[in-house]
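The block underneath contains the structure these notes are about, expressed in structure tokens.
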Amino acid sequence: DIQMTQSPSSLSASVGDRVTITCRASQSIGSYLNWYRHQPGKAPKLLIYAATSLQSGVPSRFSGSGSGTDFTLTISSLQPEDFATYYCQQSYGTQITFGPGTKVDIK
Amino acid sequence: EVQLLESGGGLAQPGGSLRLSCAVSGFTFSDYAMNWVRQAPGKGLEWVSSISGSGGSIYYGDSVKGRFTISRDNAKNTVYLQMSSLRAEDTAIYYCAKERRVVRGVFFDYWGQGSLVTVSS
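These protein sequences, in sequence, are chains A and B. If you count by our numbering, then the first sequence holds residues 241 to 347, one letter each, in order. If you count by our numbering, then the second sequence holds residues 36 to 156, one letter each, in order.
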């Protein structure tokens with residue numbers, strides 16, 4: 241199975257900060273990489289699919305980049321609703337796997 | 036408006052069984068694969084299982100293979116997860132999620148609010 245890692249595992253930031261989260265796959269997965277935001281008590285929300293495509297209705301402060309094994313999620317200006325946990329997810333094989341998550345909290 | 040509503044969660048004993056349901060509306064159900072994803076307390080998201088729109092293709096995560104069974108009833112717009120031989124480590128919030136497939140992969144564009152399953156004696 242393809243293993244996913246994320247860094248950092250957590251970070252503290254302020255409203256308005258630029259935040260970057262990294263996701264790495266154990267083997268090349270092309271662009272088969274998606275990003276989700278998960279707020280406590282809510283359903284996960286799709287942000288970015290196919291590594292770089294912004295999901296409809298998602299604010300443009302979110303962007304994704306990368307291909308192969310290394311990927312990045314960037315939030316250009318952190319908003320109050322963005323304090324949450326972020327997960328990457330690969331779909332290269334039949335076994336879908338998520339990264340362990342990156343928790344973003346308030347500094 | 037797309038809606039997914041899980042039900043059937045609750046308390047089960049180790050070795051016991053439980054069946055989750057997810058009723059959907061707002062899209063042509065039979066056109067889309069559906070998935071179950073879970074989150075154990077204090078842990079991250081874990082993919083559990085997927086079923087194609089026709090029900091002809093089914094996949095499971097290694098941790099539930101042989102114990103869980105996914106199925107769907109396209110006439111009722113409902114997907115199910117039959118969980119057997121339950122273990123304490125199956126305790127989690129279970130989400131159903133609508134799958135969307137594009138050239139560059141598969142992702143989950145709509146999710147339910149989740150159903151809590153607790154396995155304990």
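The beta-carbon is built from N, C-alpha and C at its ideal position, and this holds for glycine as well. Remember, predicted model here, so these are calculated numbers, not experimental data.
_Spatial distance of A/I261 from B/A110 (CA atoms)_ = The straight-line gap from Cα to Cα measures roughly 42 Å.
*Touch check for the region 79-89 of chain B and the region 146-156 of chain B: three-plus C-beta pairs under 8 Å?*
Verdict: no, contact absent.
*Is the beta carbon of B/S106 less than 9 Å from the beta carbon of B/A68?*
Judged by beta-carbon spacing, B/A68 lies beyond the 9 Å limit of B/S106, meaning their Cβ atoms are not closer than that value.
*B/T153 versus B/V114, B/S60, B/G50 and B/S89, residue with shortest Cα-Cα distance*: Residue B/G50 holds the alpha-carbon nearest to the alpha-carbon of B/T153 among B/V114, B/S60, B/G50 and B/S89.
*Nearest chain B C-beta to A/T245 closer than 9 Å, yes or no?*
Judged by the 9 Å Cβ criterion, A/T245 is not in contact with chain B.
*asked:* Is there a C-beta anywhere in chain B that falls below 9 Å from the one on A/A324?
replied: Chain B contact via Cβ: absent.
*Are the beta-carbon atoms of B/G96 and A/Q335 separated by less than 9 Å?*
Cβ distance < 9 Å, so B/G96 and A/Q335 count as in contact.
_Distance cut-off 8 Å: B/D97 Cβ against heavy atoms of the ligand GDP_ = Looking for the ligand GDP in the displayed structure turns up nothing, as the structure carries no ligands at all.
*In chain order, what residues of the same chain have a beta carbon less than 8 Å from the beta carbon of A/H278, not counting five sequence neighbours either side?*
In chain order, P284, K285, A324, T325, Y326, Y327 and G341 place their CB closer than 8 Å to the CB of A/H278, counting only its own chain and leaving out the 5 sequence neighbours on each side.
_Straight-line Cα distance separating A/R301 from A/I288_ = Whole-angstrom Cα-Cα distance: 11 Å.
*Could you tell me the distance, in whole angstroms, from the CA atom of A/S254 to the CA atom of A/K343?*
Each residue's Cα considered, the two are about 13 Å apart.
*Are B/S56 and B/V99 close, meaning C-beta to C-beta below 9 Å?*
No, the pair does not count as a contact, with Cβ atoms beyond the cut-off.
*Taking Cβ-Cβ distances shorter than 9 Å, what residues in chain D pair up with A/Q267?*
The chain labelled as chain D is not found among the protein chains of the depicted structure, namely A and B.
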